[in-house]
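**Student:** Numbering (my numbering), first residue to last: -8 to 251. C-beta: ideal position from N, C-alpha, C; glycine also. Have a look at this one before I ask anything.
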Amino acid sequence: MKNKTLHSIKFILSAFFIFVSGVTQAQQNQDRYFTQALDPFNESLSEIQGLVTPKHEATISGELAARILFIAPELSTFLKNDSLINLECKLYEAERDIVESNLSIAEIEYKKNRELLSRRAIGENEVAISKAEFEKAQSEYRITKINTNRCEIKAPFNGSVSEVLVNQYEFVQKHQALLKIINLEEFLVQFLIPNESAMNYQPNQKLDIYIEELKESFLGKVQFIDQAIDPSSQTIKVIAVFNEHNPLITPGMTAIVSWQ
-8 MKNKTLHSIK
2 FILSAFFIFV
12 SGVTQAQQNQ
22 DRYFTQALDP
32 FNESLSEIQG
42 LVTPKHEATI
52 SGELAARILF
62 IAPELSTFLK
72 NDSLINLECK
82 LYEAERDIVE
92 SNLSIAEIEY
102 KKNRELLSRR
112 AIGENEVAIS
122 KAEFEKAQSE
132 YRITKINTNR
142 CEIKAPFNGS
152 VSEVLVNQYE
162 FVQKHQALLK
172 IINLEEFLVQ
182 FLIPNESAMN
192 YQPNQKLDIY
202 IEELKESFLG
212 KVQFIDQAID
222 PSSQTIKVIA
232 VFNEHNPLIT
242 PGMTAIVSWQ
């Protein structure tokens, strides 16, 4: 348990400093990448410039209309299943308590009628009705449990908050976007190749990926080659992955891809 805790603390600290330092540079690199990508024929086919992007990113929205009690701050890091957002749940908790009471009453009534039926004091219809009422109360209770569980939104993966879209204590609506998160453990490299050269490249083809900011090369491979051609630049998007995770790599870094 101690080693696991130390590992979690090390991940959070390292990811935080890497992410904060790379935010401004990431935007600059992204703008430069897409500007240069419009003219891919200026790039050598043996060395093509790409951009590091997160494999997983998400916009988190709420499933309830409620007031925000807590929301993870921008640029903060988190582990999977950490709390990202807590919503005020007094109303939903009160509804759950009422339905739970109704469930108890329905269960008692159903059991009583089964006992009366065994004594031939009532008919089967009365038992069937009380059973249906009991099952209805069970379903209503499950709904209220789902709603109260939605009051806390947990992280789906290890990552960082890239943007907060609302403020603490605001009342938010159902399905309103609340914050954006990115994964800090799995990254892709996106780059463009000329259309006429696409036949030379295949999925799983080995690559050398040089990260300019780190002055270091990493091994990778082609994961996906798009079939759609960009009509303005006559290029095709290629997605590559790193063979191994490196905690120093962060989204927005510039990658120089060369084919093995």
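What is the DSSP secondary structure of Ser208, reduced to helix, strand or coil?
**Tutor:** strand
**Student:** CA-CA distance, Ser47 and Asn149?
**Tutor:** First, the amino acid is wrong: residue 47 is His here, not Ser. The C-alpha of His47 lies about 10 Å from the C-alpha of Asn149.
**Student:** Would the beta-carbon of Ala146 fall within 7 Å of that of Leu60?
**Tutor:** No, these two residues do not count as a Cβ contact at 7 Å.
**Student:** Tell me, please, whether the stretch 199 to 214 touches the stretch 78 to 91 by the rule of three or more beta-carbon pairs shorter than 8 Å.
**Tutor:** Contact between the stretch 199 to 214 and the stretch 78 to 91 is absent, because fewer than three Cβ pairs lie under 8 Å.
**Student:** In terms of residue numbering, what span does the alpha helix (DSSP H) encompassing Asn234 cover?
**Tutor:** No alpha helix (DSSP H) holds Asn234; DSSP gives it neither H nor E.
**Student:** Roughly how many angstroms separate the alpha carbons of Gln18 and Leu94, rounded to a whole number?
**Tutor:** In this predicted model, Gln18 has a pLDDT of only 48, less than 50, meaning its place in the structure is not dependable; the value taken from the coordinates is given anyway. Approximately 54 Å, taken between the alpha carbons.
**Student:** Nearest by alpha-carbon distance to Leu70: which of Leu175, Leu42, Ile62 is it?
**Tutor:** That would be Leu175, whose Cα lies nearest to the Cα of Leu70.
**Student:** What first and last residue would you give for the alpha helix (DSSP H) that runs through Gln181?
**Tutor:** Where Gln181 is concerned, there is no enclosing alpha helix (DSSP H), although the beta strand (DSSP E) it sits in stretches over 178 to 185.
**Student:** Please report the distance separating the alpha-carbon of Lys127 from that of Glu79.
**Tutor:** 27 Å
**Student:** By DSSP, does Arg58 sit in helix, in strand, or in coil?
**Tutor:** strand
**Student:** At the level of alpha carbons, what is the spacing between Ile230 and Cys142?
**Tutor:** Answer to the nearest angstrom: the Cα atoms are 37 Å apart.
**Student:** Who are Val152's beta bridge partners in DSSP?
**Tutor:** Ile172
**Student:** Tell me which residues share the same chain as Glu117 and place their Cβ nearer than 8 Å to its Cβ, disregarding the 5 neighbours each side in the sequence.
**Tutor:** Asn104, Leu107, Leu108
**Student:** In three-state DSSP terms, what is Asp221?
**Tutor:** strand
**Student:** Measuring only the C-alpha atoms, how far is Thr245 from Gln129?
**Tutor:** 55 Å
**Student:** Taking a contact to mean a Cβ-Cβ separation below 7 Å, would you say Leu170 touches Ile51 in this structure?
**Tutor:** If you check the CB distance, Leu170 and Ile51 come in under 7 Å.
**Student:** State the Cα-Cα distance for the pair Gly114 and Lys122, rounded to the nearest angstrom.
**Tutor:** 13 Å
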